[in-house]
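Shown next, in structure tokens, is the structure this report addresses.
There are 2 protein chains.
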Amino acid sequence: MEESTHVVKHILLAKFKDEIPQQRIEQLIRGYAALVPLVPSMKGFHWGRDVSIENLHRGFTHVFESTFESTEGIAEYVSHPAHVEFANEFLPTLEKFVVVDYKPATVNL
Amino acid sequence: MEESTHVVKHILLAKFKDEIPQQRIEQLIRGYAALVPLVPSMKGFHWGRDVSIENLHRGFTHVFESTFESTEGIAEYVSHPAHVEFANEFLPTLEKFVVVDYKPATVNL
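If you read the protein sequences in the order shown, they are chains A and B.
The first sequence maps to residues 1015 to 1123 in the numbering used here.
The second sequence maps to residues 1015 to 1123 in the numbering used here.
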């Protein structure tokens, strides 16, 4: 049924607390991106604000998508000191968040 | 700060109801993928099971990621009869889901 690509995507949906200023949010997003050159297993980083129109976002306002070559690479990232330091700064600014990892697969119809 | 790519990602995180059999889930995933050749604005489809280890998935078990060239393309998709028909079949099988759209941007460090 499926054909997997050789990457694992790490997706974080987040809603920042209302009191976090826009400038601080931008600083945090730069801090997230700055993990790529620090964490060898982290191969890429993209982010975006939610622009959906269906009103099914459940309050989430930001998407953060990072790319790894394996689930082991994500485990290395999670325990990497640079990530731990960033997470300790970042997570308290969030009202809510959800994290999923998946191996993007296509479907052979 | 940022550089946007020229795509919009449509991300659906889902948890199927416990009573939905695996075979039915696979059939629905094939049905989701089968929208690509039916909906002109839908440029790609990937999916995967959650394989995260941080236990921050909030119960979501599947990720569905489709690609569009614009938010207008997503609006066309949302109202396309093939999507409407599929959604009417798919959504009732879900215990919970969240949908976000975003334009993946990189950060110039």
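Ideal placement from N, C-alpha and C gives every residue a C-beta, glycine not left out.
The structure displayed is predicted, hence computed values, not measured ones.
Asked	Found
Counting only the same chain and skipping the five closest in sequence on each side, list residues whose C-beta sits under 7 angstroms from that of His1097(A).	Leu1049, Val1053 and Tyr1091
Kindly indicate if chain A contains any beta-carbon less than 8 angstroms away from that of Phe1057(B).	Reading off the sequence shown, one finds Lys at residue 1057(B), where the question assumed Phe. With 8 angstroms as the cut-off, Lys1057(B) does not count as an interface residue toward chain A.
With C-beta atoms as the reference, is Leu1042(A) less than 8 angstroms away from Phe1104(A)?	yes
Drop a sphere of 10 angstroms on the beta-carbon of Ile1067(A), count the other beta-carbons inside from all chains shown, and report buried for 16 or more, exposed for fewer.	exposed
Excluding five sequence neighbours on each side, which residues of the same chain lie with their C-beta closer than 8 angstroms to the C-beta of Trp1061(A)?	Ile1043, Tyr1046, Ala1047, His1076, Val1077, Phe1078 and Glu1079
So what's Arg1072(B) in DSSP terms, helix, strand or just coil?	coil
Taking the beta strand (DSSP E) that Glu1090(B) belongs to, which residues open and close that run?	Note, Glu1090(B): premise wrong, no beta strand (DSSP E); alpha helix (DSSP H) at Thr1085 to Ser1093.
Val1112(A) touches chain B at which residues, Cβ-Cβ below 8 angstroms?	Leu1027, Leu1070, His1071, Arg1072, Phe1074 and Val1112
Just the Cα atoms here: how many angstroms apart are Val1121(A) and His1071(B)?	24 angstroms
What are the residues in the segment 1088–1117 of chain A lying within 8 angstroms of chain B by C-beta distance?	Ile1088, Ala1089, Val1092, Phe1111, Val1112, Val1113, Val1114, Asp1115, Tyr1116 and Lys1117
Give me the Cβ distance between Gly1073(A) and Lys1031(A), rounded to the nearest whole Å; I'm assuming they're in contact under 8 angstroms.	Not really, about 12 angstroms apart at Cβ, beyond 8 angstroms.
Counting only Cβ pairs nearer than 7 angstroms, list the residues of chain A close to Glu1079(B).	Pro1118
Glu1083(A) and Lys1057(A) - do their beta-carbons sit closer together than 8 angstroms?	yes
So what's Pro1048(A) in DSSP terms, helix, strand or just coil?	The sequence shown places Ala at residue 1048(A), rather than the Pro named in the question. Ala1048(A): coil per DSSP, three-state reduction.
Below 8 angstroms between beta carbons: does that hold for Glu1117(A) and Val1065(B)?	What sits at residue 1117(A) in the sequence shown is Lys, not Glu. Against a cut-off of 8 angstroms, the Cβ pair of Val1065(B) and Lys1117(A) comes out as a contact.
Hey, does Arg1063(A) have any beta-carbon neighbour from chain B nearer than 8 angstroms?	yes
I want to see whether chain A comes within less than 8 angstroms of Leu1042(B), judged by CB atoms only; does it?	no
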